[in-house]
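Read through the structure below, which is laid out as C-alpha cells, and then see the notes.
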Amino acid sequence: MEQIHNFINGEFSLPDSNKYIKVIEPATGAPYAKVPDSNNKDVDQAVNSASKAFTSWSKTTVQNRSSILHQIANGIDAHSDKLAEIESRDTGKPISLSKSVDIPRAAENFRFFAEHILTFDFENVLDGHGSINKIVRNPIGVVGCISPWNLPLYLFTWKIAPAIASGNCVIGKPSELAPYTAYELGKICNSAGLPKGVLNIVHGFGKNTGEAITNHPMIKAISFTGGTVTGKEINHIASKNLKKVSLEMGGKNPTIIFADCDFHKMLDTTIKSSFSNQGAICLCGSRILIEEPIYKKFRAAFVKRVRELEIGDPVNNSTELGALISKSHLEKVYGYIKIAKKEGATILTGGNKILFSGRLKGGYFMEPTVIEGLDKNCRTNQEEIFGPIVTLIPFSSEHEAINIANATDYGLAASIWSKDLDRASRIAGEIDFGIVWLNCWMVRDLRTPFGGTKKSGLGREGGDAGLEFFTELKNICMTDV
Ligand code: NAD
C-alpha cells in the first residue's frame with residue numbers, strides 16, 4: 047500500500063490522528079494507497095506555517111513570484127508522463143485524456159498566472175477632484191482551496207496558481223478520492239524553489255479536513271469547486287466568519303442544435319461534450335436539444351457513434367471511456383436509469399453497468415447512455431447526474447429552445463450549434479448560463495471569466511477575476527501638502 051503524506055511547511059508529514067482513507071483504483075476496485083484523514087490540529091499546523099510564510103511571500107516582487115510559478119509549470123511538464131499515469135489510475139479516466147487535458151492544463155494554469163500578474167493592475171492612481179488616490183490590491187493572507195475529484199490536478203492548480211501568484215499563502219485540500227497528483231505537486235513546488243509554507247496540502251474527508259479549513263478563523267477566503275450541496279454548506283459556515291467565498295458548483299448544461307449547423311463538426315464535438323471523462327466534466331452537456339427537422343437524423347447518427355465508443359482499461363491509449371470514480375458514484379448514476387425508466391424514458395442505447403473480467407473485474411464501469419421521451423421538468427432532466435447519461439429533447443422554435451434550456455436551477459455552461467450567428471448570439475443573450483459556446487465546446491482562453499449562475503456558482507475564476515478574488519482593495523488618499 048502506497049502512503050500519501052500531508053505537505054506542511056515544505057515537509058511531508060503524517061496526520062495527527064494517524065487515521066487514513068483507502069485510495070481505490072476505480073478501474074479495478076482495489077485499494078492501492080492510503081491518504082491521511084487530517085483533523086483540526088493538522089489544519090492548525092498548516093495555517094501557522096502559512097501565516098509565517100505570508101510575512102515574506104506577500105512582500106516578494108511580482109517578477110520573483112512569476113519566475114517561481116514558471117518553475118512549477120516546468121516541473122509539471124518534466125513529470126507529465128508520470129502525473130498523467132497517476133491521474134488516470136486515481137480517477138479511472140482514460141490515459142489519453144489525462145495526457146492531453148489534465149496535466150498540460152495544470153502546467154498552463156501556473157504559466158498563465160506567471161505571465162498574467164506581470165500586466166495585472168495591482169496598483170492604480172486616480173488624480174483629480176482635489177485629491178490623489180492610490181488604489182492598491184493586496185493579497186488577502188492565508189486562503190483555503192478545496193477541489194473535487196473529476197479533474198484533480200487541473201482544478202487544484204486553477205485555484206492555487208492565482209492565489210500564490212497574487213501573494214497569498216494556501217491551505218489546499220484535494221478530493222480524498224483522487225489525492226495523488228496533489229501529493230506529487232508538493233514535491234514539484236519544493237524543487238521549483240517555492241518557499242516553505244506558501245503552499246500547504248492537507249488531505250482528508252470533507253467533513254473533517256474540509257470543514258476544519260472552512261471554520262478556521264485565520265483563513266480569510268475559500269475557493270471551492272465541487273457539488274452544490276457542499277458549496278452551500280461551505281457558504282453557510284464561511285459567512286459566520288465573514289470569509290470571502292468563490293463557489294464553482296454543479297451543472298445541467300444544454301447543447302442546443304439547430305438544423306442549419308455544420309452537422310459533422312457538431313456531431314464530433316457533441317460526442318465529446320457528452321461523454322468526455324465519462325460525462326464527469328462540470329461543462330459536459332447532459333441535455334441535448336435538437337431542432338425537429340433533424341431530430342431523427344441526429345438521433346440515428348449520435349446513437350451509432352455512441353455505440354462505437356471504446357470503453358475499457360484507462361491505461362490503454364485507445365480507450366475513450368474509462369471507469370466511474372467510485373462504487374457509490376456508479377450506483378448513483380445507475381440509479382438515474384431506473385428513475386428515467388419510471389419517468390417513461392426510452393433508452394436508445396446503454397443503460398447498463400459493465401462487468402469486465404481479468405484486471406478490470408471489480409471496476410466501476412457503465413455504458414454510455416442515450417435517453418429520449420422525457421419532459422424537461424422531470425428529475426432526469428433536472429438533477430445533475432455527472433455520469434455518461436444524456437437525454438435528447440426535440441424543439442420546434444427558438445423560443446421553445448430557450449425555455450427548455452433555462453428550465454433548470456443550474457446555470458453553468460451551454461453550447462449552441464447554428465450557422466446563423468445572429469440567431470446563436472441572440473440565444474446566447476437570452477439563456478441564463480455563465481459560459482456559452484457558439485459552434486464549439488470547452489474552448490478556454492484563461493483570461494476570460496469562468497463560472498456559473500443560479501445554483502452553479504458564486505463568483506468567477508480565471509484571468510483578472512481570479513486575481514481580484516484573491517486580493518483586497520485599499521484606497522490611499524492624499525491632498526497637496
Ligand atoms: P464534493 O462537493 O463532494 O467535494 C468537493 C470537495 O469538497 C472535496 O475535496 C471534498 O472533500 C470537499 N468537501 C466535501 N464536503 C465538505 C464540507 N462539508 N466542507 C468542506 N469541504 C468539503 O464534489 P465532488 O463529488 O468531489 O465533485 C463533483 C461535483 O463538482 C459535481 O457537482 C460537479 O459539477 C462539480 N464541479 C464543478 C466545477 C465547476 O467549475 N463549476 C468543476 C468540476 C466539478
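Residues in the sequence shown are numbered from 47 upward in steps of one, following the numbering used here.
Ideal Cβ positions, reconstructed from N, Cα and C, are used throughout, including at glycine.
Per the DSSP calculation, F53 is bridged to which residue(s)? For the purposes of this step, residue 53 is identified with residue 7 of the sequence shown, where counting begins at 1. DSSP, once it has assigned bridges, lists F58 and I247 as partnering F53.
Give the single residue among L115, D478 and A92 whose Cα lies nearest to the Cα of D62. Position 16 of the sequence shown holds residue 62. Out of L115, D478 and A92, A92 has the C-alpha closest to the C-alpha of D62.
Do N184 and E518 come within 8 Å of each other at the CB atom, strictly closer than that value? Taking the first residue of the sequence shown as 1, we reach residue 518 at position 472. Taking the first residue of the sequence shown as 1, we reach residue 184 at position 138. Yes, the pair counts as a contact, with Cβ atoms nearer than the cut-off.
Could you have a look at A267 and say whether DSSP puts it in helix, strand or coil? Stepping through the sequence shown from its first residue, residue 267 is reached at position 221. Strand, per DSSP.
Do S502 and G480 have their CB atoms nearer than 8 Å? Along the sequence shown, read from residue 1 onward, the residue named residue 502 stands at position 456. Along the sequence shown, read from residue 1 onward, the residue named residue 480 stands at position 434. Going by C-beta atoms, S502 is nearer than 8 Å to G480.
Tell me, please, which residues DSSP counts as bridged to N521. The count along the sequence shown starts at 1 and reaches residue 521 at position 475. According to DSSP, N521 bridges with I181.
V188, buried or exposed, once every other Cβ within 10 Å from all chains shown has been counted against 16: Locating residue 188 in the sequence shown gives position 142, counting from the first residue. With a threshold of 16 other beta carbon atoms within 10 Å, V188 meets it and is buried.
Could you tell me whether the stretch 67 to 75 touches the stretch 103 to 113, where touching means 3 or more Cβ pairs closer than 8 Å? Contact between the stretch 67 to 75 and the stretch 103 to 113 is not established, with fewer than three Cβ pairs separated by less than 8 Å.
Going by DSSP, name the residue or residues bridged to Y456. In the sequence shown, residue 456 corresponds to position 410, counting from 1. In DSSP, Y456 forms a bridge with K500.
Neighbourhood of H262 by C-beta, 7 Å cutoff - its chain only, sequence neighbours within 5 removed: As a first step, residue 262 is located in the sequence shown; it is residue number 216 there, counting from the start. These residues qualify, in order along the chain: V89 and V93.
When the distance is taken between beta carbons, is G497 closer than 8 Å to E294? Numbered from 1 along the sequence shown, position 248 holds the residue referred to as residue 294. Numbered from 1 along the sequence shown, position 451 holds the residue referred to as residue 497. The Cβ atoms of E294 and G497 sit closer than 8 Å to each other.
Beta-carbon proximity list for I432, same chain, < 6 Å, skipping 5 on both sides: As a first step, residue 432 is located in the sequence shown; it is residue number 386 there, counting from the start. It is worth fixing the name first, because residue 432 is Phe in this sequence and not Ile. Closer than 6 Å at Cβ, skipping near neighbours: A326.
Reduced DSSP secondary structure (H/G/I, E/B, other) of N170: Residue 170 sits at position 124 when you count from the first residue of the sequence shown. Strand.
Do T415 and T395 have their C-beta atoms closer together than 8 Å? The residue labelled residue 415 in the question sits at position 369 within the sequence shown. The residue labelled residue 395 in the question sits at position 349 within the sequence shown. A contact, by the Cβ cut-off of 8 Å.
Would you say S443 touches the ligand NAD, meaning its beta carbon is less than 7 Å from a heavy atom? Here residue 443 is taken as the residue at index 397 of the sequence shown, counted from 1. Checking the Cβ of S443 against the ligand NAD gives no.
Excluding the 5 residues flanking S104 on each side, which residues of the same chain have their C-beta closer than 7 Å to its C-beta? Taking the first residue of the sequence shown as 1, we reach residue 104 at position 58. The answer, listed in chain order, is P185 and G213.
Check whether the Cβ of N214 lies closer than 8 Å to any Cβ atom in chain D. No chain D appears in the structure shown, which is made up of a single protein chain.
With DSSP as the reference, label A211 as helix, strand or coil. As a first step, residue 211 must be located in the sequence shown, where it is residue number 165. Look at A211 here: in three-state DSSP terms it is helix.
Rounded distance between the beta-carbons of A447 and I473, thought under 8 Å: On the sequence shown, position 427 is the one that residue 473 refers to. On the sequence shown, position 401 is the one that residue 447 refers to. Your pair I473 and A447 checks out as a contact, with CB atoms roughly 7 Å apart and the cut at 8 Å.
Suppose contacts are defined by Cβ-Cβ distances below 8 Å. Is Q324 in contact with L370 by that definition? Counted from its first residue, the sequence shown places residue 324 at position 278. Counted from its first residue, the sequence shown places residue 370 at position 324. Result yes, Cβ atoms of Q324 and L370 sit closer than 8 Å.
Going by other Cβ atoms of all chains shown within 10 Å of its Cβ, with 16 needed for buried, is E366 buried or exposed? The count along the sequence shown starts at 1 and reaches residue 366 at position 320. Only buried fits E366, as 16 or more other CB atoms lie within 10 angstroms of its CB.
Report yes if the C-beta of N196 is less than 7 Å from at least one heavy atom of the ligand NAD; otherwise report no. On the sequence shown, residue 196 is found 150 positions in, with the first residue counted as 1. Judged by the Cβ position, N196 qualifies as a neighbour of the ligand NAD at the 7 Å threshold, a heavy atom of the ligand being closer than this.
Could you check which residue in C191, I217 and G408 has the C-alpha nearest to that of A99? Counting from 1 along the sequence shown, the entry for residue 99 is found at position 53. When each option's Cα is compared against that of A99, the closest is I217.
According to the neighbour-count rule (16 or more other Cβ atoms, all chains shown, within 10 Å of its Cβ), is L164 buried or exposed? Working through the sequence shown from its first residue, we reach residue 164 at position 118. That one is exposed.
Exposed or buried, what is P77 when buried is set at 16 or more other beta-carbons lying within 10 Å of its beta-carbon? Position 31 of the sequence shown, counting from 1, holds the residue named residue 77. Under the 10 Å beta carbon count, P77 is surrounded by fewer than 16 other beta carbons and is classified as exposed.
Would you call the stretch 396 to 408 and the stretch 335 to 348 touching, i.e. three or more CB-CB distances under 8 Å? No, the stretch 396 to 408 does not touch the stretch 335 to 348.
Count the other C-beta atoms from every protein chain shown that fall within 10 angstroms of the C-beta of P339, then say buried if there are 16 or more, exposed otherwise. Sequence index remark: in the sequence shown, residue 339 carries index 293 (1-based). Classification for P339: exposed.
Grouping DSSP H, G and I as helix and E and B as strand, with all else coil, what is F344? Translated into the one-based positions of the sequence shown, residue 344 becomes position 298. F344: helix per DSSP, three-state reduction.
Validate contact between the stretch 122 to 142 and the stretch 172 to 181 using beta carbons, cut 8 Å, 3 pairs: With a cut-off of 8 Å, the stretch 172 to 181 and the stretch 122 to 142 do not count as touching, because too few Cβ pairs lie within range.
Counting only runs that start and end within the stretch 413 to 468, where is the beta strand (DSSP E) found for 3 or more residues in a row? Taking only runs of at least 3 residues, the beta strand (DSSP E) segments lying wholly in the stretch 413 to 468 are 415 to 418, 435 to 441 and 459 to 463.
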